[in-house]
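Just below is one structure, and these are the notes that go with it.
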Amino acid sequence: RKEVEQDPGPFNVPEGATVAFNCTYSNSASQSFFWYRQDCRKEPKLLMSVYSSGNEDGRFTAQLNRASQYISLLIRDSKLSDSATYLCVVNPPGGTSYGKLTFGQGTILTVHP
Amino acid sequence: DAGVTQSPTHLIKTRGQQVTLRCSPKSGHDTVSWYQQALGQGPQFIFQYYEEEERQRGNFPDRFSGHQFPNYSSELNVNALLLGDSALYLCASSSPAKAEAFFGQGTRLTVV
Chain P
21 RKEVEQDPGP FNVPEGATVA FNCTYSNSAS QSFFWYRQDC RKEPKLLMSV
71 YSSGNEDGRF TAQLNRASQY ISLLIRDSKL SDSATYLCVV NPPGGTSYGK
121 LTFGQGTILT VHP
Chain D
4 DAGVTQSPTH LIKTRGQQVT LRCSPKSGHD TVSWYQQALG QGPQFIFQYY
54 EEEERQRGNF PDRFSGHQFP NYSSELNVNA LLLGDSALYL CASSSPAKAE
104 AFFGQGTRLT VV
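Here the protein sequences come in this chain order: P and D.
Using the working numbering, the first residue of the first sequence is number 21, and each one after it goes up by one.
Using the working numbering, the first residue of the second sequence is number 4, and each one after it goes up by one.
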């Protein structure tokens, strides 16, 4: 089983749509969770951290369910500029593991007019 | 404030050759990690450097080695290149006791 699993998509949605991405992770002791965004042929950029209580940043909402080892990202009112690959990222347990990130395969999103 | 910078941006090498990639971390960051990203895949962790020592290593052969300098910059060396080493190599820096990492623009390596 992969450490971090995502549906690779692609997801094709019209502008203004709401889209949700899901991700599962295998190590129940994982301690930090993130969503990164990667544009074509560019580096991954931190979109948001994911907290147990759930967190929101504008049109983006992230949720974490530790019991189910499940992470989600909801994008509301999709914009053309949201087209990218969204990477689910987990930081494994261990005091020296900061900065060692395990990535999912990525979910491709295309927002069309 | 300069972010993470990597050089070169593109590189073409022949099978069997050796390559060195370079990374300067974001200001205030002392930890550098290297990742390999094959086409259509998420980045895979190669290793991490902290205080000039390799602190952690992923599932990569000994052909992959690295170094960190006193100014926190880092190099990734790959010996005996294989066609399968063709990928985007990403450097990420992070600050003490913080999990999130910030990436450079990457070096696209092609092995022919």
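By construction, the Cβ of each residue, glycine as well, lies at the ideal position given by its N, Cα and C atoms.
What do you reckon, are the CB atoms on Val7/D and Ser27/D nearer than 8 Å?
The count along the second sequence starts at 1 and reaches residue 7/D at position 4. The count along the second sequence starts at 1 and reaches residue 27/D at position 24. Going by C-beta atoms, Val7/D is nearer than 8 Å to Ser27/D.
I need the boundaries of the beta strand (DSSP E) containing Asp77/P, first residue and last residue.
Taking the first residue of the first sequence as 1, we reach residue 77/P at position 57. Element bounds for Asp77/P: 75-77.
Taking Cβ-Cβ distances below 7 Å as the criterion, which residues of the region 34-60 of chain D are in contact with chain P?
Within the region 34-60 of chain D, contact with chain P at the beta-carbon level (separation under 7 Å) is assigned to Thr34, Ser36, Gln44, Gly45, Pro46, Phe48, Gln51, Arg58, Gln59.
Please state whether DSSP places Ser92/P in a helix, a strand or coil.
Position 72 of the first sequence, counted from the start, is the residue given in the question as residue 92/P. It is a strand residue.
On a CA-only basis, which of Gly45/D, Leu84/D, Thr17/D is nearest Arg66/D? Give me that one, please.
Taking the second sequence and counting its residues from 1, one reaches residue 66/D at position 63. That would be Leu84/D, whose Cα lies nearest to the Cα of Arg66/D.
Does DSSP put Leu93/D in a helix, in a strand, or in coil?
Indexing the second sequence from 1 puts residue 93/D at position 90. Leu93/D carries a strand assignment under DSSP once its states are collapsed to helix, strand and coil.
7 Å CB neighbourhood of Pro11/D in its chain, flanking five on each side removed:
If you number the second sequence from 1, residue 11/D lands on position 8. Result list for Pro11/D: Thr110, in chain order.
Rounded to a whole number of angstroms, what is the C-alpha to C-alpha distance between Ser48/P and Asn62/D?
Start at 1 with the first residue of the first sequence, and residue 48/P comes out as number 28. Start at 1 with the first residue of the second sequence, and residue 62/D comes out as number 59. Computed Cα separation, rounded: 21 Å.
Measure the beta-carbon distance from Gln26/P to Phe41/P and round it to whole angstroms, keeping in mind my assumption that it falls under 8 Å.
One-based indexing of the first sequence puts residue 26/P at position 6. One-based indexing of the first sequence puts residue 41/P at position 21. The C-beta distance from Gln26/P to Phe41/P rounds to 7 Å, short enough to fall under 8 Å.
Are any of the Cβ atoms in chain D nearer than 8 Å to that of Ser48/P?
In the first sequence, counting from the first residue as 1, residue 48/P sits at position 28. Under the 8 Å criterion on CB atoms, Ser48/P is classed as non-interfacial with respect to chain D.
Quick check: Asp97/P and Val131/P, are their CB atoms within less than 8 Å of each other?
Looking up residue 97/P in the first sequence gives position 77. Looking up residue 131/P in the first sequence gives position 111. In this structure, Asp97/P keeps its C-beta atom at 8 Å or more from the C-beta atom of Val131/P.
Contact set for Ser76/D: own chain, Cβ-Cβ below 8 Å, skip 5 residues either direction
Position 73 of the second sequence, counted from the first residue, corresponds to residue 76/D. Taking C-beta separations shorter than 8 Å and ignoring five residues to either side along the sequence, the partners of Ser76/D in its chain run Arg25, Cys26, Ser27, Pro28, Val35, following chain order.
Using 10 angstroms around the beta-carbon of His32/D, count the other beta-carbons present and answer buried if the total reaches 16, otherwise exposed.
For the purposes of this step, residue 32/D is taken as residue 29 along the second sequence, with counting starting at 1. Buried, since its Cβ has 16 or more Cβ neighbours within 10 Å.
Between the beta-carbon of Gly43/D and the beta-carbon of Phe123/P, is there less than 8 Å?
Within the second sequence, the letter at position 40 stands for residue 43/D. Within the first sequence, the letter at position 103 stands for residue 123/P. Not in contact: Gly43/D and Phe123/P (Cβ atoms no closer than 8 Å).
Exposed or buried, what is Glu55/D when buried is set at 16 or more other beta-carbons lying within 10 Å of its beta-carbon?
Against the second sequence, residue 55/D aligns to sequence position 52. With fewer than 16 Cβ atoms within 10 Å of its Cβ, Glu55/D is classed as exposed.
How about Leu24/D: is its C-beta nearer than 8 Å to some C-beta of chain P?
In the second sequence, the residue the question calls residue 24/D occupies position 21. Leu24/D does not count as touching chain P.
So the beta strand (DSSP E) Gly31/D belongs to, where does it begin and stop?
Counting from one through the second sequence, the residue named residue 31/D turns up at place 28. First-last for Gly31/D: undefined, no H or E at that position.
Buried or exposed by the 16-neighbour rule on C-beta atoms within 10 Å, applied to Asp77/P:
Residue numbering aside, residue 77/P sits at position 57 when the first sequence is read from its first letter. Asp77/P should be labelled exposed.
If distances are taken between C-alpha atoms only, which option among Arg58/D, Asp88/D, Ile49/D comes closest to Cys94/D?
Along the second sequence, read from residue 1 onward, the residue named residue 94/D stands at position 91. Comparing Cα-Cα distances from Cys94/D to each of Arg58/D, Asp88/D, Ile49/D, the minimum goes to Ile49/D.
State the Cα-Cα distance for the pair Cys108/P and Ile15/D, rounded to the nearest angstrom.
Against the first sequence, residue 108/P aligns to sequence position 88. Against the second sequence, residue 15/D aligns to sequence position 12. In a straight line, the C-alpha of Cys108/P is about 30 Å away from that of Ile15/D.
CA nearest to the CA of Asn74/D, picked from Glu103/D, Tyr38/D, Leu112/D, Tyr52/D:
Counting from 1 along the second sequence, the entry for residue 74/D is found at position 71. Comparing C-alpha distances from Asn74/D to each of Glu103/D, Tyr38/D, Leu112/D, Tyr52/D shows the shortest one belongs to Tyr52/D.
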